[in-house]
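Numbering (the numbering used here), first residue to last: 5 to 342.
In structure tokens form, the structure reads like this:
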């Protein structure tokens, strides 16, 4: 149960005080080489994220403060692992942390440091982490935990081509582009489910407030799509075959108007025009399957505006002759109107 706004500043001050105290003790232990004691204080610090009393905005402030403190632990661990500390043992050890929220934050921190110092187990650890995060099903806590996973893995996701056909993927333990796409799509799907479930938290009289809070948090879900768009080896064919179907499946199946409208707009804004031209029919077909409360007209206008700007760009090649825009829109929009 979230406390009234008047109490939020007080609750945040108390939580921040506890975080600073535990962070100080953690750093002191690390400076003395007492890693296990340092991890205990890190776990206590992360325990503050178990709260249900903070609004999303206040929880975000607490989360950012804790993430800053966790960087000290990350830098210490990288240094230790490069000196020969057995990281595999530590990855196993932090799985015994008492509560699941601190445990998973520590697992992500240790696991991703492990990857940075030992590429050979990248695929397995990434898969392990994204699946283990299912252990936190509270919408707000789960969203921020998965956001931490996405941010920490930003620079280490494999962005190389897939092995040639017929080759065993196990021969490439550091992973390839398909592993990264699978990882982000799974994280995205779970985050969207948590985000949708937020509407059912609390009393029905607070519905408008919950919708406002959900609007504030939508960027956490959308960041997954931004990350997919930044992967160099996500080309048109891979987008058509893997990325777009995965996003559309989640958007259509969630049956939540707020989520559907945001995700369709997100797709239009974050992926290149060339990708949209090659997947128009699939995108417009999905528009026809959206919830009746979704303003599909605005989504289609947004897409048309984007493609019109692309067609008139001086440095561009324009719309390819083989893509009959008018026919595609005419056929698909008639299905939407039905």
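Backbone N, C-alpha and C define an ideal beta-carbon position, used for all residues, glycine too.
Asked: Helix, strand or coil at residue 253 according to DSSP, with G and I counted as helix; Found: helix
Asked: Terminal residues of the alpha helix (DSSP H) in which residue 103 lies; Found: Where residue 103 is concerned, there is no enclosing alpha helix (DSSP H), given that its DSSP letter is neither H nor E.
Asked: Beta carbon of residue 16 nearer than 9 Å to that of residue 46; Found: no
Asked: 9 Å Cβ cutoff met for residue 116 and residue 78; Found: yes
Asked: Best match in 90, 191, 89 and 175 for proximity to residue 131 [C-alpha to C-alpha]; Found: 191
Asked: Distance between beta carbons of residue 337 and residue 305, contact taken as under 8 Å; Found: Their Cβ separation, rounded to whole angstroms, is 11 Å, which puts residue 305 and residue 337 out of contact at 8 Å.
Asked: Boundaries (first-last residue) of the alpha helix (DSSP H) holding residue 169; Found: Where residue 169 is concerned, there is no enclosing alpha helix (DSSP H), given that its DSSP letter is neither H nor E.
Asked: Expected contact under 8 Å - CB spacing of residue 248 and residue 286 to nearest Å; Found: 6 Å
Asked: Secondary structure of residue 276, DSSP reduced to three states; Found: coil
Asked: Any 3 or more C-beta pairs closer than 8 Å across the region 93-111 and the region 132-144; Found: yes
Asked: Within 9 Å, strictly: CB atoms of residue 154 and residue 188; Found: yes
Asked: Inter-stretch contact (C-beta, 8 Å, three-pair minimum) for the region 272-280 and the region 214-233; Found: yes
Asked: Pair within 9 Å by beta-carbon distance, residue 225 and residue 147; Found: yes
Asked: Neighbourhood of residue 80 by C-beta, 7 Å cutoff - its chain only, sequence neighbours within 5 removed; Found: 34
Asked: Euclidean distance between Cα positions of residue 71 and residue 134; Found: 18 Å
Asked: Residue closest to residue 86, alpha-carbon to alpha-carbon, out of 120, 100, 258 and 167; Found: 120
Asked: First and last residue of the uninterrupted alpha helix (DSSP H) at residue 48; Found: 39-50
Asked: Contact the region 201-216 vs the region 151-165: 3+ CB pairs below 8 Å; Found: no
Asked: Check whether residue 30 and residue 76 have beta carbons under 9 Å apart; Found: yes
Asked: Euclidean distance between Cα positions of residue 196 and residue 254; Found: 8 Å
Asked: Beta-carbon spacing of residue 58, residue 26 below 9 Å; Found: no
Asked: Straight-line gap, residue 90 to residue 43 (C-alpha atoms, nearest Å); Found: 15 Å
Asked: DSSP-derived helix/strand/coil call for residue 143; Found: helix
Asked: Bounding residues of the alpha helix (DSSP H) (the contiguous stretch that carries residue 86); Found: 60-86
Asked: Residue 217 burial status per 10 Å Cβ neighbour count (16 or more: buried); Found: buried
Asked: Residue 279, buried or exposed, once every other Cβ within 10 Å from all chains shown has been counted against 16; Found: buried
Asked: CB contact flag (residue 143, residue 198, <9 Å); Found: yes
Asked: Endpoints, alpha helix (DSSP H) assigned at residue 128; Found: 126-136
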